[in-house]
Amino acid sequence: MDMNQYLSMFIDESNDHLQSLNDNMLQLEGNPEDLGIVQVIFRSAHTLKGMAATMGFEDLASLTHKMENVLDLVRNEKLKMQDYIFDTLFKSLDALESMVQDITSGGEGKADVSAIVASLQAIESGEWTGGETPVATTTAKSVESISSAVDLDEFQYSVLDQSIAEGHRVFYIDVLVSEDSQLKGVRAYMVFDLLERSGEVVKSFPTVQDIEQEKFERSFSLYYITTKEAQELEKSILSISEIESAKVIQLDQETLQQMTNQAAAAVEAETVAIATAVSQEIATAVKSEEKPAAKQPAAPTKQAAAPSRTIRVDIERLDVLMNLFSELLIDRSRLEQLASETGNNDLSDTVAHLSRVSSDLQNIVLKLRMVPVDTVFNRFPRMIRDLAKTLDKKIDLVITGAETELDRTVIDEIGDPLVHLLRNAVDHGVESIAERVAAGKPEMGTVNLRAFHSGNHVFIEIEDDGKGIYREKLLQTAIKRGVVTEEQGAKMSDDEVNQLLFAPGFSTADKISDISGRGVGLDVVKSKITSLGGNVTIHSTPGKGTNFSVQLPLTLSIIAAMLVRVGSEKYAIPLSSIVETAIVQREQVRNIHGNKMITFRESLIPYLSLNEVFGVPDFNDEDESETEIVVIRKGDRLAAVSVEEFIGQSEIVLKSMGTYLPSIEGISGATILGDGQVALIVDPNAFIK
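For the sequence shown, position 275 (counting from the first letter as 1) is numbered 277 according to our numbering, and the numbering increases by one without interruption.
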């Protein structure tokens, strides 16, 4: 069966399970006694193992299986979670993510995880140095490891059982070849050759053929009948060069029976797991629209899985759909104008119905591309946890507004810039525990990550309650590094000084670390956000904290806008940024400290003239006795923009300015109107500082 057709689905499902594992591991770390969370983690790991095995990614399946063994001890209350176990499991998750990324890039999911596997095996066997050992006897632990790796058929079991009854010794032997061995197949052959001289190998895992072809990592296991003692066997095996360890465990009839029962149960569970993984994660998603011909036997689970009601669609197909609908919208606008000009009632009715249908279609098309920022935010709690441990700090990450939606293309690009900003907030923003206590602050620092809509934009803020940015220190560092001169620095406002953090290579860190100080990498952050049509600003209070505010466009292809005219030019202002429209008398415009202001709702707000901002030559609002204004909003701040005439509300297609025109402040794009004319789309957020 060709599994390549399921590869993209496997990658998506694996990423979902890995994210779930990370989230639940963080929850378990906060409440290590909650076995309910352990059960959830175990099921996710089990499903991931089954999927990987089905797809043929043995390394990924093997590592997940080792994790599963440790989790099985925890859920059966034979092992208590401790810091060392958490750290090892988190390292395992990181390795699994690397394997999935390798598979995504066209690889086979290979990775050197020998150190992690050794740690997991040590935890499982009780040999780790963390101070807590599994509550089980040596034989029982050995049986668990055997049953998870090797199963016996009736004939093999009968041979072993009869051998024990006749006074022979039956051993389970686990051999580990050195990591630097270049000929592990040869070393394994030497072990088999040694054993077969004084006994009989009944069963091996992997099979003898696989071992001869070096289709194994570093270890192999086998059942062995002999008359020799365990210590003598172990010594003989270890005498072979490049054999790192040999575990020889003698079995009696009771442990052999227990082992066989557990092995049978393990094989049955494995079969069910793989069948469930294939049917639920692959077949159901691929054939969700087909009705099953016959009812399949229910899997032995506590609760039947609900049928999938979602499908995965390539983002390029959504791009094509959006472009086609954009063209349809332009034609709809043209039809509406023609119907109005001709006065044909039948045509007007048909166009009105077309408008209603296309409006509903428009809403669906737009929602298809919108994704909650939670898909980006949910990777940060684990990252902050690791950073806090590395820096020996206590950090509380507070996430709000994770349900805020952004266009998928922006979601895919914004992750890395946010990682830079969060790492800098934790490393250079929040003080050490000693510094916080000395400053009268709580030991635990707080980093707020919030997202919210404002007009036609989404704002993502990262705010810490750390030391803040000190203007003089920042300015002196900039002067020392030649970013600005002393004369330039003296004339700069606080906001302009803060923006120096985005200068290439600029850093305020006293020493460079792998995490680095505020400033390193921030030039990359700003260039990435700017390339997305966004902006980033900094607000800081020395001693209290710093706020990085990232403004991002929704980048929707279709928006509702108010069309206005200024002289011979037409502009579109997004409705999402408009509070209201009004008419003001010329004498109501005041000049306060060189700035034009008007009174609105018993408060003064800035007054801007659109013809002055864009230099429209054939209109001057100062010649008018009364002026139409559009009151726009950015967060809690308002401003009034004067125009010559309101044309009306319309659904417009947002077209990029491309590379033909440089980035113009206050313009977010252009649109084609129903009469074929081009109107510029105003970015109201650029007018409110």
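Beta carbons are placed, not taken as given, at the ideal position from N, Cα and C, and that holds for glycine.
- For V269, does the count of other Cβ atoms within 10 angstroms reach 16, so buried, or fall short, so exposed? Unreliable positioning characterises V269 in this predicted model, as indicated by a pLDDT of 49, which lies under 50. The coordinate reading is nonetheless provided below. So V269 ends up on the exposed side.
- Message: I'd like to know if the stretch 433–450 and the stretch 384–403 are in contact, where contact means that at least 3 CB-CB pairs between them fall below 8 angstroms.
- Response: yes
- Query: So F621 is in the beta strand (DSSP E); what residue range does that whole segment cover?
  - Reply: Run containing F621: none; DSSP gives neither H nor E here.
- Top-ranked residue by Cα proximity to I594, from L606, Q587, L122 and L476: L606
- Message: What does DSSP give as the partner residue(s) for T629 in the beta ladder?
- Response: V586
- Is the stretch 534–554 in contact with the stretch 465–473, if contact means three or more CB pairs nearer than 8 angstroms? yes
- Message: Residues in the same chain with beta-carbon distance under 6 angstroms from K598, minus the five sequence neighbours each way, listed in chain order, please.
- Response: V591 and Y609
- Message: Could you give the first and the last residue of the continuous beta strand (DSSP E) run that contains G201?
- Response: G201 to F207
- Message: Taking 9 angstroms as the threshold (beta carbon to beta carbon), is I683 in contact with chain B?
- Response: The structure shown has no chain B; it contains just one protein chain.
- Message: Suppose you measure from the CA of I674 to the CA of L340; what does that come to, to the nearest Å?
- Response: 16 angstroms
- Span separating the alpha-carbon of L682 from that of L331: 17 angstroms
- Item | Nearest candidate by alpha-carbon position, reference A1, set T106, G111, Q84 and Q490 | Only positions 3 to 691 of the chain appear in the structure, and residue 1 is not among them; the question remains open.
- Integer-rounded CB distance, given that G536 should sit under 8 angstroms from L554: 4 angstroms
- Task: Check whether the Cβ atoms of R410 and R381 sit closer than 9 angstroms, and answer yes or no.
- Result: no
- Drop a sphere of 10 angstroms on the beta-carbon of N325, count the other beta-carbons inside from all chains shown, and report buried for 16 or more, exposed for fewer. exposed
- Message: Buried or exposed for I462, going by 16 or more other Cβ atoms inside 10 Å?
- Response: buried
- Item | Coil, strand or helix - N346 by DSSP | coil
- For V460, the nearest candidate out of D466, K493 and V412 (CA to CA): V412
- Task: Spatial neighbours of V172 within its chain, please: CB distance less than 6 angstroms, with the 5 preceding and 5 following residues excluded, ordered by chain position.
- Result: L162, S165, I166, I227 and L253
- Query: Is I631 closer than 9 angstroms to V586 when the C-beta atoms are compared?
  - Reply: yes
- Task: Take L101 and list the residues in its own chain whose beta-carbon comes closer than 6 angstroms to its own, dropping the five residues that flank it on each side.
- Result: What sits at residue 101 in the sequence shown is Met, not Leu. Contacts found: L62, G111 and A113.
- Using a threshold of 9 angstroms, state whether the C-beta atoms of Q259 and K205 are closer than that. no
- Limits of the alpha helix (DSSP H) - the one that A47 falls within: L37 to M57
- Query: How about V375 and A453: do their beta carbons lie closer than 9 angstroms?
  - Reply: yes
- Message: In this structure, how does DSSP classify Q233 when only helix, strand and coil are distinguished?
- Response: helix
- Residue of E219, I213 and L656 minimising C-alpha distance to A180: The question names Ala, yet the displayed sequence has Ser at residue 180. Considering only alpha carbons, the answer is E219.
- Using DSSP with H/G/I as helix, E/B as strand and the rest coil, what is K249? strand
- Message: Measuring only the C-alpha atoms, how far is L408 from Q184?
- Response: 51 angstroms
- Query: Which term fits R334, buried or exposed, when burial requires 16 or more other beta carbons within 10 angstroms of its beta carbon?
  - Reply: buried
- For I175 versus L240, is the C-beta distance shorter than 9 angstroms? no
- Message: Whole angstroms are fine: how far does the CA of K369 sit from the CA of V322?
- Response: 15 angstroms
- According to DSSP, what are the bridge partners of A574? L565 and I683
- Query: Tell me, which residues are paired with R639 by DSSP?
  - Reply: K636
- Query: Would DSSP call A113 helix, strand or coil?
  - Reply: coil
- Give the straight-line distance between the Cα atoms of S89 and E156, rounded to the nearest whole angstrom. The sequence shown places Asp at residue 89, not Ser. Cα to Cα, the separation comes out at about 41 angstroms.
- Message: Mapping the DSSP letters down to three states, classify F194 as helix, strand or coil.
- Response: helix
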